[in-house]
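Numbering (this note's numbering), first residue to last: 998 to 1430.
This is the structure:
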């Protein structure tokens, strides 16, 4: 997820001798993805108590560190409050290090149940202004990376391309391993987005290996690897191959429920619907009570909405998913290591599941326009195929075949030939070998 972004470690050391161990263990990301590092949380709490309430850059950084470490636990309101206090104190003290660090981890203060891109864009604009004012190239790197993800999520391909190129150039010029690792994660996502799945797969494993030399924890590297491979295998139609690995992530990183929707999705794509249902309902029941309102919220809800088309849960569940996802229409989702479903795909499939044919067609129309603007060929092919599938279910076989033929033409250059790939599924719908 978003918390896998590896920031540079800050050592308070002589500035703050009360908590050197806490400082050494703290980075711009949580120390353990999917788990709360309770010993570190305790150290940070003790450190904050020791230095007192006087505003300072160090206190602002520690508040932000604590918020970050609470990412994968149940204290959502406390996390957002602490992150907000960290940013406010960094602004008050005008401490450049504290400001840059607070902006880099601003995801931790956001209520992800509401559209997050406008909030993140405003914060990133402020961060860019600070980076220009201080002349800090590391801060400029991080703001450029965040802008790249934002532009990708909005389907602004030209600006996405430019930001990726600039991020890579800055990372290479600074020769800092953590920055290079972050740029490699972004390059991998860019290749997937552009449909160059072979290059994306090569970069995925190269990035995982490089991350060890950059001192990125194995848990965080596994998280980025899993997210990147999921996007690639989903496009290829080979997502079933990842079921054992995702099951392991669900078990080992229970604080990251996004892995559970990924598992449900892999099982649905593999036609293992009965196996998928417990994971789907663990997330979707009780109005998505187990889905935290963080930056992974739309990722999870969109996946559930898309999966509902084949799982056919109670209409009240689909209604709730549709209502929760509707504010995110017109954008794609950022998972931290890849750009995942366009939200209009989840909305279209949820509307089709509810029998709202006109609404479904409207969302599919918007979806196709977004994917065309983004020049995202694999999701464009998937969009036309899922539209065909929805049309077929409602009995509109003529239009279903038209959409399937478009999907097949779009998919064929990209080797989407796995068991659940668009090429294979479209051929089956059309009844051609």
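Ideal Cβ placement from N, Cα and C applies to all residues, glycine included.
Annotation: residue 1093 to residue 1127 spans about 8 Å, alpha carbon to alpha carbon. Within its own chain, the residues whose Cβ lies closer than 7 Å to the Cβ of residue 1303, once the five positions on either side in sequence are excluded, are 1338, 1342, 1343, 1346, listed in chain order. Burial state of residue 1035 is exposed, judged by a 10 Å Cβ sphere holding fewer than 16 other Cβ atoms. The beta carbons of residue 1249 and residue 1285 sit no closer together than 8 Å. Between residue 1106 and the set 1267, 1235, 1265, 1293, the nearest pair of CA atoms involves 1293. Judged by DSSP secondary structure, residue 1339 falls within the beta strand (DSSP E) whose first and last residues are 1336-1339.
Listed in chain order, the non-local C-beta contacts of residue 1038 below 8 Å within the same chain comprise 1063, 1066, 1067, local neighbours out to five positions each way being set aside. C-alpha of residue 1163 to C-alpha of residue 1172: approximately 14 Å in a straight line. Residue pairing from DSSP places residue 1330 in a beta bridge opposite 1337.
For residue 1310, no alpha helix (DSSP H) segment is defined, and its DSSP state is neither H nor E. In the DSSP annotation of this structure, the continuous segment of the alpha helix (DSSP H) that includes residue 1140 starts and ends at 1134-1150. In the three-state scheme derived from DSSP, where H, G and I count as helix and E and B as strand, residue 1395 is classed as helix.
Distance from the CA atom of residue 1154 to the CA atom of residue 1213, rounded to whole angstroms, is 29 Å. Taking C-beta atoms as the reference points, residue 1242 and residue 1223 count as a pair closer than 8 Å. A Cβ-Cβ contact shorter than 8 Å links residue 1228 with residue 1189. The beta-carbon distance between residue 1108 and residue 1151, rounded to whole angstroms, is 20 Å. This is too long to meet the 8 Å contact definition. Between residue 1264 and residue 1169, the alpha-carbon positions lie close to 40 Å from each other.
Sorting 1232, 1043, 1137 by C-alpha distance to the C-alpha of residue 1411 places 1232 at the top. Residue 1134 is not a Cβ neighbour of residue 1324, given a cutoff of 8 Å.
Secondary structure of residue 1417 (DSSP, three-state): coil. The DSSP assignment places no complete beta strand (DSSP E) segment of no fewer than 3 residues inside the stretch 1219-1263. Taken through DSSP and simplified to helix, strand or coil, residue 1212 comes out as coil. A straight-line Cα-Cα distance of about 50 Å links residue 1395 and residue 1032. For residue 1357, the uninterrupted alpha helix (DSSP H) segment begins and ends at 1354-1371.
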